[in-house]
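Trainee: Before we start, here is the structure in question, set down as structure tokens.
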Amino acid sequence: MYGRFRCRKIFGHAGEIAIARVTLLTNDNLEFPDPENSDPQGLLAVGGDLSPERLLEAYRRGIFPWFEPGYLPLWWSPDPRLILKPNSFKISRSLKQSIKKPHRFTVDTVFPKVIQACASSEGRINKTWITNEMQEAYTTLHLMGYAHSFEIWQDSHLVGGLYGISLGRAFFGESMFHRTRDSSKLAMYYLCKTLKNWQFDFIDCQLPTEHLQSLGAVVISRREFLGLLRKSLEYPTHQGLWTHNVDG
3 MYGRFRCRKI FGHAGEIAIA RVTLLTNDNL EFPDPENSDP QGLLAVGGDL SPERLLEAYR
63 RGIFPWFEPG YLPLWWSPDP RLILKPNSFK ISRSLKQSIK KPHRFTVDTV FPKVIQACAS
123 SEGRINKTWI TNEMQEAYTT LHLMGYAHSF EIWQDSHLVG GLYGISLGRA FFGESMFHRT
183 RDSSKLAMYY LCKTLKNWQF DFIDCQLPTE HLQSLGAVVI SRREFLGLLR KSLEYPTHQG
243 LWTHNVDG
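Numbering (the numbering used here), first residue to last: 3 to 250.
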């Protein structure tokens, strides 16, 4: 979710080594190879586009895109994988205090602003990888009712948030940002609270990070992750706006 590989551009030296091991996708073929065939870092395929159909197929297969601006899309399915079960979210002492402080929580009211904030240098959790192309693609998924944003406000100011994809009983976290202390953790708190009420199975956090593990996320094998994902996809998707507004 918020951890990302540090790798060279696909046409750099490291990329030339990796591309020999992965499938080259074309725009007219939505099929992905078996995630078990990825390279040691989890790189599975290169190329294709960011059409809604391809993105949704990728997430259903446990695959996600990540690439640098101006280069071909890279598709990843790492092993191991990090997940967070909604009922396992850990609330620290400082977060308890932040929950009690005045703030406002909304869902799906300013998705474009959230993804733009995640892509900007101000308050980002990870290095910028959210290209303009990716912003447009995920905004399209939002309009289709698959991508959702959780937003934290102080007065009229957007101070934190996150966004991700929902399919079945799985939520695929993509990125989050903060402009004040604990505001991204507040977004995670409300995400977990919402998903717990809706009986979601897990949040895909993608790559192991100490930060997310401190919040209750656990590392599992890719094989176990794909098994959990298959079961979660047996349930209907909560498609559409998740509009919600609660004063903290």
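The beta-carbon is built from N, C-alpha and C at its ideal position, and this holds for glycine as well.
(1) Mapping the DSSP letters down to three states, classify G166 as helix, strand or coil.
(2) My guess is that A172 and S234 are in contact by the Cβ rule of under 8 Å, so how many angstroms apart are they, rounded?
(3) Looking at I65 and W77, is the spacing between their C-beta atoms short of 8 Å?
(4) What residue range is occupied by the uninterrupted beta strand (DSSP E) comprising Q241?
(5) Mind checking T28: buried by the 16 CB within 10 Å criterion, or exposed?
(6) Could you tell me if D30 is buried or exposed, where buried requires 16 or more neighbouring beta carbons within 10 angstroms of its beta carbon?
(7) Could you tell me which of L45, L169, R232 and S158 sits nearest to V112, measuring between CA atoms?
(8) Where does P159 fall in DSSP's three states?
(9) Please classify R56: is it buried, with 16 or more other beta-carbons within 10 angstroms of its beta-carbon, or exposed?
(10) Along the chain, where does the alpha helix (DSSP H) containing G229 start, and where does it finish?
(11) Nearest to F91 by CA position, among N39, C207 and P104, is which residue?
Mentor: Short version:
(1) strand
(2) 4 Å
(3) yes
(4) From DSSP, Q241 is part of no beta strand (DSSP E); its letter is neither H nor E.
(5) exposed
(6) With fewer than 16 Cβ atoms within 10 Å of its Cβ, D30 is classed as exposed.
(7) S158
(8) A quick correction: the sequence has His, not Pro, at residue 159. Residue state, collapsed to three classes: strand.
(9) buried
(10) R224 to S234
(11) C207
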